[in-house]
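Sequence lines, in order, name chains A and B.
Residue numbers for the first sequence follow this note's numbering, so the first one is 715 and each next one is one higher.
Residue numbers for the second sequence follow this note's numbering, so the first one is 31 and each next one is one higher.
By construction, the Cβ of each residue, glycine as well, lies at the ideal position given by its N, Cα and C atoms.
Predicted model only: the values in this text are computed from it and were never measured.
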Amino acid sequence: MGNNDVIIIGAGHNSLVAAGYLAKAGRRVVVLEERSVVGGTAITEETFPGFKISPVADTAGYLSDEVKADLKLDSQVEIIPLDPIASSPEPDGTHLTIWRDTARTVKEIERFSPADAAKYPVFVERMTKIAGVVKGLLKMTPIDLPSVGLADIRAALGLAGPVLKLGRKNINELLRLLPTPVEDLLNEWFESEVLKGALAASAVKDVTWGPQETGTTFTFIYNWALSDTGLFRSASLVKGGIGELTKAMAETARGFGAQIRTDAEVKSIDVEQGKVTGVTLANGETIQADVVVSGASPRTTFLELLDARYLDTFFVRHVHNIKYRGSASRMHFALSGLPEFPALAGGETDGYLRGPIQIAPSITHLQRAFDHTKYGRPSSAPYLDIVVPTVADPSLAPSGKHLMSVTVKYTPYALRDGNWGVKGPEIAKLVVDTIAEYAPNFPGLIVDQTLLTPVDLETAYDLPEGNINHGEMTLDQFFHMRPIPGYARYRTPVEGLYLCGPGCHPGGGVTGLPGQNAAREILKDAK
Amino acid sequence: MPRQTPFHSRTNALCESQNWVEWSGFFSAQTYEMDHIHEYNAIRLGAGLFDVSPLFKYFIRGRDAVALMNRVITRDASKCGVGQIFYTAWCDDEGKIIDDGTVARLGDDFFRMTAATPTLCWLQDNAFGMEVEIEEVTDAYGALALQGPTSRDLLQQLTDADLSSLKYFRMLETKLAGVPVNISRNGYTGDLGYEIFAEPGQCEKVWDALIETGVAYKLMPAGMVALDMVRIEAGMLLLDADFHSASTAMFEVEKTSPYELGLGWMVNLKKDHFVGQGALRRENARGPATCTVGLEIDVLALEKVFVQNSMPLQLPYQSWVDTLPVYSDSDQRDHIGRATSGTWSPVMKKYVVIGRVKPQYAKIGTQVYVEQTVEARRYAVPATVVKMPFFDPPRKRG
């Protein structure tokens, strides 16, 4: 049918990965992107003249090594590993820094608790083992409970290795831990509030939960499984910005013969007799193909691009009930110089600004910050995740100038009072004031700034409720329950229509995995 | 404690038996007299007046009202003219029946739906992305069913509208004893009859007028016991008796499809997509697993069973709801289905039963055996597959 075998909706990184794999397998692929640039949320743009900002996603630390190799990304982009992987300045002028090197971190922890310092290496070893099992799940096509087939059993056998290596005791530990609040996990190991805060921050960075919420150990372990650092959070940048990575993905896909069209907004997915026939663009153009792959969120795909009245009632209900509820805002600053954090300068200082800085002075601080969100209010004392990418990659800003990117937690999408038009400037001021508490010279350095609230993220990047992962990355929306139970295998109720975005397993982060997994299943169906 | 319908002050005053049951959260009279048989006779020979207010009622309005109805029900709602009523089923995604009821088209983009079970949530679930307003109006209207051969003449005394021109499954807005009402010609008795909707504050006035004028038309208030007998005579299915709702069934085996219930005529596979269409299309292609049939028990054979036990024949004095095994053979070896409700029909002098059997036994005239228990012994009593409705007087439509 027509000139294309496969239409891919959106040119986010997962779509581009899927395009790369499908084109490599000989499929005639056309990628349709609504915006003028490829990359989706993994883009880099000059929001301020001369400053290259990665407005939404910025870490390359989750990218799958296999995807990197298969799509020959290594030769096209330079990935800069960051070390330290997290620094927590404290209000009392002290700080804790976590390094890639465990021995070095142990020394840092000793300043807060010798007991914790002694346990930290054991903790790292135990968590690495447990995360290994979750890692095994990432590349698997989820099983379809309750109808498990032979293929599922074969796939599950692949998991047997890491599980057996774990040992019976640790399997029990894994099952016990997944639904546990991360604060409970950390309380079992450590006494230092500062250390617990530094570790817990990454567990709640991408979910609308506090560390006392059930299932946050899952997000903690999930991050651990994905991270390039082999620890609880990733810390890598792409030279030139994350947009370079998606540009390279697009180049690879083009190299394999894929056609990538920008400014091509898909208005509807066309279906006849339960089978996909192609798409219609906003300009009225129709493009036909037997296979359509959507990189858009499940909500956009099923409830906007498809006509929901042609889908089963239970399916629509489930899709409608997927939790998005974004609570992170992104803020970017163009700076005339480097901010100074006196608390960090007091310790082991070499290059501390190379790594992410977490304004999460204690685990209680994180929970308090979340508590506001439960009632639809932004945190009065937020948790900030700060990166000054220009330290590791000066090419992002004019000489001597710096960029700062901040993830602001928590700023709930749905506000109890007011709207983001009004609340936005208040939050922007709060962020500046909060950073100034730790870096007094910071306000004086600001040349320009921009804030993306969850509402802005939804509008600009088609992220429902401003959730950057196309659905909360929670235990109840993981694996065979992502995006919804019964449809976790990249296929949809419409024959020929597939999903490849982070709304499916294994979810968010610039991993390339949903795209790779989806491409594998699509090729399997074609056999 | 159950609630009172808008007619309760009147029904309670007349309810000598004080034999109330709960129906969808409301008090509902089983019988008004101590015995139901006068009420039964009134329905078939004069008229019976039922308080059917507990029916769940919904208004569906808006640009996509037809689209929503068409997504939910198995019939083609676009074919339902304004002022017309459809009796229809609605199914789940697997084509299993959730409920049956009526859909009345009050305007181009305005429907009224009645249901035996709460349906608001289902309507809302299916209205996703549609421009439609769904309102539950169960409490906003009291409802009466006036059923029986004299019902038209009785009703005509109280309204200026010309009821002789009101066709079967059509309705009109008029005044009854000065009260604005919606009158539709349909019912659950298989007889000539009407359903009357009025606002709660005016319900007593409507009731009083009907009862007062009804004296000359052999009208009696009638309860659920008599109603169940006449609905079986009329071959009409009862939820939780002849079938279970797919939304509350505990097990797959309890679910049924419209084809299995003899309601295949109301499944429009040609219309645009509706819930369960795919599954129903597949079922239609392969044929249903069971068929709903009318059975007439061989009363003489049943009498012999009683005689074997040195007893005179005993027939059910009122209807029963049960699941009795049905066999193809008198030895009770080959189980082919079930009998789900039955009654002795005083007006027909026949023992009629509604059941479901394997398709090869559904042909009119087929002899099957229904289990009957006499003196703690089980017998296979011959029965014949007969046409339903068992009782179908021309006046119903005429």
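For a Cβ distance threshold of 8 angstroms, residue set Arg1023 of chain A lies close to arginine 101 of chain B, ordered along the chain.
In chain order, Phe762, Phe765, Val1161 and Asp1162 place their CB closer than 6 angstroms to the CB of alanine 1048 of chain A, counting only its own chain and leaving out the 5 sequence neighbours on each side. A direct Cα-Cα distance of roughly 7 angstroms separates arginine 1205 of chain A from leucine 1213 of chain A.
Looking from the CA of tryptophan 50 of chain B, the closest CA among B:Tyr62, B:Asp139 and B:Asp183 belongs to B:Tyr62.
The alpha-carbon separation between methionine 378 of chain B and tryptophan 295 of chain B amounts to approximately 27 angstroms. The Cβ atoms of alanine 771 of chain A and valine 1224 of chain A lie closer than 8 angstroms to each other.
Contact of histidine 1034 of chain A with chain B is assigned, a C-beta pair being separated by under 8 angstroms. Residues of the stretch 143-169 of chain B with a Cβ closer than 8 angstroms to any Cβ of chain A, in chain order: Trp152, Asp155, Asn156, Phe158, Gly159 and Met160. Remark: C-beta atoms of aspartate 797 of chain A and glycine 1069 of chain A approach each other more closely than 8 angstroms. In its chain, beyond the 5 residues on either side, Arg215 have a beta carbon closer than 7 angstroms to the beta carbon of lysine 197 of chain B. Residue environment for isoleucine 394 of chain B: exposed (fewer than 16 other C-beta atoms within 10 angstroms of its C-beta). Its Cα nearest to that of tyrosine 381 of chain B, the residue B:Met259 stands out among B:Asn156, B:Met259, B:Val102 and B:Asp123. Serine 941 of chain A and leucine 1227 of chain A have their C-alpha atoms spaced approximately 13 angstroms apart.
Looking from the CA of isoleucine 1071 of chain A, the closest CA among A:His1079, A:Tyr1097 and A:Thr1087 belongs to A:Tyr1097. If you check the CB distance, glycine 178 of chain B and alanine 72 of chain B come in under 8 angstroms. For glycine 308 of chain B, the nearest CB of chain A lies under 8 angstroms from its own CB, placing it at the interface with that chain.
Residues of the stretch 1145-1167 of chain A with a Cβ closer than 9 angstroms to any Cβ of chain B: none. Residue pairing from DSSP places phenylalanine 1047 of chain A in a beta bridge opposite A:Met1118 and A:Gln1163. At a cut-off of 8 angstroms, the C-beta of valine 305 of chain B has a neighbouring C-beta in chain A.
In the three-state DSSP reduction, valine 209 of chain B falls in the strand class (E or B). The C-beta of threonine 1027 of chain A comes closer than 8 angstroms to at least one C-beta of chain B.
By the criterion of a C-beta distance shorter than 7 angstroms, leucine 150 of chain B is surrounded in its chain by Tyr88, Ile164 and Glu166, once the five residues flanking it on both sides are discounted. Residue range 1168-1175 is occupied by the alpha helix (DSSP H) that includes proline 1168 of chain A.
Taking the Cα positions, serine 194 of chain B is about 16 angstroms away from asparagine 212 of chain B. Counting along the chain, the unbroken beta strand (DSSP E) around tyrosine 399 of chain B starts and ends at 397-404. Secondary structure of methionine 266 of chain B (DSSP, three-state): coil. In this structure, the beta-carbon distance from alanine 1057 of chain A to proline 803 of chain A falls below 8 angstroms. Among the residues facing chain A, alanine 97 of chain B is included, as its CB has a counterpart in that chain under 8 angstroms away.
The three-state secondary structure of glutamate 780 of chain A, taken from DSSP, is helix.
Taking C-beta atoms as the reference points, valine 848 of chain A and tyrosine 776 of chain A fail to come closer than 8 angstroms.
At least one CB atom of chain B sits nearer than 8 angstroms to the CB of glycine 988 of chain A. Taking the C-beta atoms as reference points, threonine 943 of chain A is found no nearer than 8 angstroms to isoleucine 722 of chain A. Residues of the stretch 114-148 of chain B that bring their beta carbon within less than 8 angstroms of a beta carbon in chain A comprise Asp122 and Asp123, in sequence order.
DSSP places glutamate 165 of chain B inside the beta strand (DSSP E), whose first and last residues are 163-166. Residue state for phenylalanine 420 of chain B is assigned as coil, using DSSP reduced to three classes. If you draw a straight line from the Cα of lysine 843 of chain A to the Cα of arginine 890 of chain A, it comes to about 15 angstroms.
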